[in-house]
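Read the structure below first, then the notes.
2 protein chains.
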Amino acid sequence: MKGDGTLLEVVPVSKAIGMVRGMIPRGIAAPVRVNAVQAVGRVLAADVVAREDLPSFPRSTVDGFAVAAADTFGAGEGTPAILVLDGEVPVGGVPAGALRRGSAVRVATGCALPRGADAVAMVEYCDEPGDGTVTVYCSVSPGENVIQRGEDIAAGATVLRDGHRLRPQDIGALAALGFAEVEVYPLPRVAVVSTGDEVVDPLRVPGPGCVRDINGPAVCASLLRDGAVPEFLGIVPDDRRLLEDCLLRALECDALVVSGGSSAGPRDMIASVIDSRGSPGVVVHGLALRPGKPTILAVLDGKLAVGLPGHPASALVSYETVVKPLLRHVGGETVRDEPFERPPLRARCSRRLSSRPGREEFVRCTLRTRGGETWADPVLGKSGLISTMVKASAFIHIPLDCDGVEQGSIVDVRVFE
Amino acid sequence: MKGDGTLLEVVPVSKAIGMVRGMIPRGIAAPVRVNAVQAVGRVLAADVVAREDLPSFPRSTVDGFAVAAADTFGAGEGTPAILVLDGEVPVGGVPAGALRRGSAVRVATGCALPRGADAVAMVEYCDEPGDGTVTVYCSVSPGENVIQRGEDIAAGATVLRDGHRLRPQDIGALAALGFAEVEVYPLPRVAVVSTGDEVVDPLRVPGPGCVRDINGPAVCASLLRDGAVPEFLGIVPDDRRLLEDCLLRALECDALVVSGGSSAGPRDMIASVIDSRGSPGVVVHGLALRPGKPTILAVLDGKLAVGLPGHPASALVSYETVVKPLLRHVGGETVRDEPFERPPLRARCSRRLSSRPGREEFVRCTLRTRGGETWADPVLGKSGLISTMVKASAFIHIPLDCDGVEQGSIVDVRVFE
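Chains A and B are the protein sequences, given in the same order. Quick note on the working numbering: the first sequence kicks off at 94 and runs consecutively. Quick note on the working numbering: the second sequence kicks off at 94 and runs consecutively.
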């Protein structure tokens with residue numbers, strides 16, 4: 094009869110991620126080939142190896158004159174090198190012939206260098222008196238203002254790895270290397286279920302004692318944001334048989350997320366229903382996390398099944414810290430056993446916060462800049478209030494072994510995406 | 094003849110954003126109505142005002158017993174309050190009648206409280222001896238373990254504002270309030286053009302002296318990531334007439350981004366071509382930014398037109414710092430005149446970096462944790478190398494007035510999205 098889940102044996106968040114991740118294959122569905130530009134945000138399902146040198150010829154990085162560097166050694170403001178101007182390289186074309194010692198060829202940014210040239214003197218340091226010569230007022234080193242053949246990417250190099258989520262610059266590199274398509278993991282299809290006798294569809298006017306579903310829409314939106322495909326299976330009452338039937342349908346997806354009924358009270362039957370649907374069943378019931386403690390993490394024959402708390406702020410904290418990294422793994426991404434991929438921000442906390450060692454706390458907050466410093470202002474309010482999440486723009490992260498935060502002290506902050 | 098753009102009169106990034114933003118309407122296209130869950134990541138085109146109280150009745154936040162708080166005053170471990178058990182409230186139903194003083198009604202988490210009850214005693218602090226009474230071993234305050242009617246959101250409150258980009262929790266709040274659809278700005282359609290005689294389609298094998306287009310695919314991917322719709326118009330040679338024709342087509346979109354030919358050299362005709370296509374024309378030509386200095390920002394009859402540098406790393410730095418906030422404004426979002434919406438990370442720089450005051454520098458880097466601290470390791474290499482952007486995961490941001498960074502000193506870091 095412990096409705097707040099005090100009976101739960103809690104597991105630290107990172108440990109829970111590691112326990113569950115080890116039981117689920119990375120990239121649950123068979124890879125697909127997609128257009129490279131459209132692949133931004135998708136996860137590579139194979140290493141990308143360069144088939145050729147990039148660039149395939151030595152290129153000038155500036156407008157200027159291709160030279161043999163040795164012809165400019167010792168040149169300076171008062172002692173320029175005088176070279177014979179021997180035409181120019183057309184942009185997107187090839188040099189007419191090799192560079193002769195003592196001469197210079199005009200090049201624009203991006204031009205190929207003629208054979209025999211090993212550097213480019215920038216136009217800013219040169220003069221053309223109009224008599225068929227070029228005056229170079231500086232000494233250039235071999236390789237100066239030149240990108241060598243293969244300097245960007247050498248043929249045979251592994252440019253991007255299986256499990257990497259593609260960013261815009263990666264798409265640029267794929268284009269440069271001539272990859273029109275790439276092999277990626279499919280977006281994971283995730284079944285979403287809301288539970289509770291009192292929960293009604295947001296389109297309905299709730300009857301007395303009833304409320305509209307918040308977690309279903311919020312979890313579906315989180316999945317959309319994170320590159321997964323939500324399949325909302327509806328709102329199921331607190332009825333064991335109906336829940337079992339629903340979970341059977343949910344297991345047709347790549348993963349499932351149920352919200353509500355995840356604690357250890359008399360109405361909380363999600364853990365036992367999930368546990369009965371596959372092997373090994375429930376792995377973690379209870380996280381050392383606040384809000385978000387009554388969270389269920391299960392593996393059902395290789396598929397991730399999650400039970401989120403019913404309180405909306407609890408459900409969203411649990412989603413951000415454990416569900417998101419696990420779903421990234423399901424989607425093929427190489428992840429660590431940590432809630433967040435990037436380091437935290439640091440800010441000063443504007444009020445004292447108490448905490449209990451033995452659990453991680455995520456305190457909703459807003460951020461502002463004062464005197465060149467970032468300050469975090471806690472948003473107070475119960476975890477059942479969705480408005481506290483709407484007002485906040487970040488979480489203050491109080492670590493597992495910390496017994497509170499003094500006013501004005503530095504805290505780790507996680508900004509909402 | 095200054096190919097690197099030394100002739101450009103540079104403008105600081107924030108000032109440039111402000112100058113251009115002031116000339117473009119926020120939200121260039123007419124709002125559309127979309128399904129609320131699908132609206133995550135979209136920008137609201139109207140304030141959202143609550144039409145009703147949330148919740149519409151006082152709710153218990155725990156499993157326990159609804160009581161009149163005054164009946165428990167003074168109760169404790171050794172001096173419990175003994176109340177008459179008067180049934181229970183069904184989940185999703187209504188209390189049978191008002192609570193009589195001296196009695197208690199069983200409630201589950203989320204249940205409506207009967208009239209006359211103003212608090213809930215948690216089941217953990219109660220006992221049921223089985224004789225029709227409830228023993229309460231604690232004193233509860235009025236309002237304890239209760240969410241009052243309208244406590245989450247009060248009828249008439251402005252919950253979300255025009256110009257706000259919707260997050261998962263906002264979708265939860267919309268659902269709770271019964272909004273099935275919301276009014277959002279359309280995703281901005283952005284024309285993308287690559288220029289240069291030497292640039293060929295990534296699907297082609299480049300001829301001698303030619304290279305595949307990097308910026309077109311990378312900019313299109315950036316736009317897709319950022320919630321815009323790229324329309325790639327192709328690769329245009331360095332030919333004034335062809336560029337003018339292409340820009341005319343590009344202006345059918347909500348904004349346009351051209352890359353290459355943005356400096357002040359003899360081949361650099363983008364600025365004058367853009368300038369001829371509308372009023373007021375080029376607003377900024379040259380940013381106090383490295384890499385990314387030869388950037389053109391123009392407004393053509395209310396539309397944003399950008400000329401990005403040809404070097405890929407320069408183009409991407411320019412995109413991240415000025416194009417992205419301006420496109421957010423075009424897409425209807427309320428933005429500040431700053432490159433980034435969130436505060437920076439802080440890290441220790443693992444090597445000395447020199448810089449020149451008078452320009453902001455973004456140094457590509459990787460991040461690692463050592464001794465509980467985040468360290469930034471600069472990725473060295475020319476801004477023409479796309480591989481430097483692929484290897485990096487973040488930028489070290491050296492501010493405008495800084496002349497360098499000592500090894501081991503703390504720097505601002507911007508992690509790639």
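Glycine included, each C-beta is placed from N, C-alpha and C at the ideal position. The structure presented is a predicted model; accordingly, all values stated were derived computationally and were not measured.
Chain A contact residues for B:I110, given Cβ-Cβ distances below 8 Å
In the second sequence, the residue the question calls residue 110 of chain B occupies position 17. Those within 8 Å of B:I110 in chain A number zero; the least Cβ separation is about 17 Å.
Of the choices B:I110, B:L478, B:V104 and B:S502, whose alpha-carbon is the least far from that of B:R429?
Your numbering for residue 429 of chain B matches position 336 in the second sequence. Of the candidates B:I110, B:L478, B:V104 and B:S502, the one whose C-alpha sits nearest the C-alpha of B:R429 is B:I110.
Within 9 Å of chain B by C-beta, residues of the region 252-275 of chain A in sequence order:
V252, L253, L259, R260, P261, Q262, D263, I264, G265, A266, L267, A268, A269, L270, G271, F272 and A273: these are the residues of the region 252-275 of chain A whose beta carbon lies less than 9 Å from some beta carbon of chain B, given in chain order.
Are there 16 or more other CB atoms within 10 angstroms of the CB of A:N308, so buried, or fewer, so exposed?
What you label residue 308 of chain A is simply residue 215 of the first sequence in a count that begins at 1. Buried, since its Cβ has 16 or more Cβ neighbours within 10 Å.
Within chain B, partners of A:V72 - CB distance below 7 Å:
Since the displayed chain A opens at 94 and closes at 510, residue 72 of chain A lies outside it and no answer follows.
Mind listing which residues of the region 473-484 of chain B have their C-beta closer than 7 Å to chain A's C-betas, in chain order?
Listed in chain order, the positions of the region 473-484 of chain B with a beta carbon within less than 7 Å of a beta carbon of chain A are K475, G477, L478, I479, S480, M482 and V483.
Quick one: which residues of the region 184-215 of chain A get their C-beta closer than 9 Å to a C-beta of chain B? List them in chain order.
Cβ contacts with chain B come from V184, G185, G186, V187, P188, A201, T202, G203, C204, A205 and M215.
By how many angstroms is the C-alpha of B:A162 removed from the C-alpha of B:L259?
Mapped onto the second sequence, residue 259 of chain B falls at position 166. Mapped onto the second sequence, residue 162 of chain B falls at position 69. Using only the alpha carbons, I get a separation of about 40 Å.
Cβ of B:D61 within 7 Å of any chain A Cβ:
Look at the range of chain B in this structure, 94 to 510, and you will see that residue 61 of chain B is not part of it.
Step through the CB atoms of chain A and report whether any lies within less than 7 Å of the CB of B:S315.
In the second sequence, the residue the question calls residue 315 of chain B occupies position 222. Output row for B:S315: interface = yes.
Considering Cα atoms alone, identify which of B:G120, B:V410, B:A268 and B:P183 is closest to B:S315.
On the second sequence, position 222 is the one that residue 315 of chain B refers to. Cα-wise, what sits closest to B:S315 is B:V410.
So for A:P235, helix, strand or coil by DSSP?
Within the first sequence, residue 235 of chain A is the residue found at index 142, counting from 1. Coil.
On the three-pair Cβ rule with 8 Å, is the region 204-224 of chain A touching the region 168-184 of chain A?
Three or more Cβ pairs closer than 8 Å define a contact, and the region 204-224 of chain A meets that threshold against the region 168-184 of chain A.
Do we get a CB-CB distance below 7 Å when we pair B:L397 with the residues of chain A?
Here residue 397 of chain B corresponds to residue number 304 of the second sequence, with the count starting at 1. With 7 Å as the cut-off, B:L397 does not count as an interface residue toward chain A.
If we cut at 7 Å on Cβ distances, does A:E237 have a partner in chain B?
Here residue 237 of chain A refers to the residue found at position 144 when the first sequence is read from its first residue. A:E237 does not count as touching chain B.
Could you round the C-beta distance between A:D140 and A:T202 to whole angstroms and report it? I think they count as a contact, below 8 Å.
As a position in the first sequence, residue 140 of chain A is number 47, starting the count at 1. As a position in the first sequence, residue 202 of chain A is number 109, starting the count at 1. About 32 Å separates the CB atoms of A:D140 and A:T202; that is not less than 8 Å, and the two are not in contact.
Nearest to B:A174 by alpha carbon, out of B:A191, B:S196 and B:S153?
Stepping through the second sequence from its first residue, residue 174 of chain B is reached at position 81. When each option's Cα is compared against that of B:A174, the closest is B:S196.
Under 7 Å between beta-carbons, which chain A residues line up against B:V133? List them in chain order, please.
Taking the first residue of the second sequence as 1, we reach residue 133 of chain B at position 40. Within 7 Å Cβ-Cβ: A314, L317 and R318.
Check whether the region 279-298 of chain B and the region 351-358 of chain B touch, using three or more Cβ-Cβ pairs below 8 Å as the test.
Touching, per the Cβ criterion.
Contacts that B:P299 makes with chain A (C-beta to C-beta distance below 8 Å):
Taking the first residue of the second sequence as position 1, residue 299 of chain B is located at position 206. In chain order: S149.
In the DSSP assignment, find the unbroken beta strand (DSSP E) run with A:K108 in it and report its ends.
Numbered from its first residue, the first sequence carries residue 108 of chain A at position 15. For A:K108, no beta strand (DSSP E) encloses it; the enclosing alpha helix (DSSP H) starts and ends at V106 to R114.
Alpha carbon to alpha carbon, how far is A:Q500 from A:M362?
Along the first sequence, one-based indexing puts residue 500 of chain A at 407. Along the first sequence, one-based indexing puts residue 362 of chain A at 269. Taking the straight line joining both Cα atoms gives about 41 Å.
Taking the alpha-carbon positions, what's the A:C219 to A:A440 distance?
Residue mapping note: residue 219 of chain A aligns to position 126 of the first sequence, counting from 1. Residue mapping note: residue 440 of chain A aligns to position 347 of the first sequence, counting from 1. Taking the straight line from one Cα to the other gives about 51 Å.
Neighbour flag for B:V498 against chain A, beta carbons, 7 Å
The residue given as residue 498 of chain B occupies position 405 in the second sequence. Not a single C-beta of chain A is nearer than 7 Å to the C-beta of B:V498.
Entirely enclosed beta strand (DSSP E) segments - the region 369-415 of chain B, minimum 3 residues:
Entirely contained in the region 369-415 of chain B, the beta strand (DSSP E) runs reaching 3 residues are, in chain order, 373-378, 389-393 and 396-401.
Counting only beta-carbon separations shorter than 7 Å, does B:E102 have a partner in chain A?
For the purposes of this step, residue 102 of chain B is taken as residue 9 along the second sequence, with counting starting at 1. Proximity of B:E102 to chain A, defined by a Cβ-Cβ separation below 7 Å, is not satisfied.
To which residues of the same chain is A:D245 closer than 8 Å at the C-beta, ignoring the five residues directly before and after it?
Within the first sequence, numbered from 1, the residue matching residue 245 of chain A stands at position 152. L147, P148 and A269.
I'd like to know whether the C-beta atoms of B:A406 and B:T467 end up nearer to each other than 7 Å.
Position 313 of the second sequence, counted from the start, is the residue given in the question as residue 406 of chain B. Position 374 of the second sequence, counted from the start, is the residue given in the question as residue 467 of chain B. Between B:A406 and B:T467, the C-beta spacing is not below 7 Å.
Where do the N-terminal and C-terminal ends of the beta strand (DSSP E) with B:D179 fall, by residue?
As a working mapping, residue 179 of chain B is identified with position 86 in the second sequence. A174 to E181 is the extent of the beta strand (DSSP E) around B:D179.
Output, in chain order, the set of chain B residues within a Cβ distance shorter than 9 Å of A:R305.
Here residue 305 of chain A corresponds to residue number 212 of the first sequence, with the count starting at 1. What A:R305 touches in chain B: L147, A268, A269, L270 and G271.
Got a sec? Which residues, its chain only, sit under 6 Å from B:E237 by beta carbon, not counting five neighbours each side?
Within the second sequence, the letter at position 144 stands for residue 237 of chain B. Same-chain partners within the cutoff: A212.
So, do the region 323-340 of chain A and the region 372-379 of chain A have three or more beta carbon pairs nearer to each other than 8 Å?
Taking 8 Å as the limit for Cβ pairs, the verdict is that the region 372-379 of chain A does not touch the region 323-340 of chain A.
Output the distance between the C-alpha atoms of B:L420 and B:K386, rounded to the nearest integer angstrom.
Position 327 of the second sequence holds residue 420 of chain B. Position 293 of the second sequence holds residue 386 of chain B. So the two alpha carbons sit approximately 19 Å from each other.
Taking the Cβ atom as the reference point for each residue, do B:V552 and B:L390 lie within a distance shorter than 7 Å?
Residue coverage of chain B in this structure runs from 94 to 510, which leaves residue 552 of chain B outside it and unanswerable.
Using a C-beta cutoff of 7 Å, does A:D156 count as contacting chain B?
On the first sequence, position 63 is the one that residue 156 of chain A refers to. A:D156 counts as touching chain B.
Could one say the Cβ of A:P520 lies closer than 7 Å to chain B's Cβ atoms, at least one of them?
Residue 520 of chain A lies beyond the range of chain A shown here (94 to 510); nothing can be said about it.
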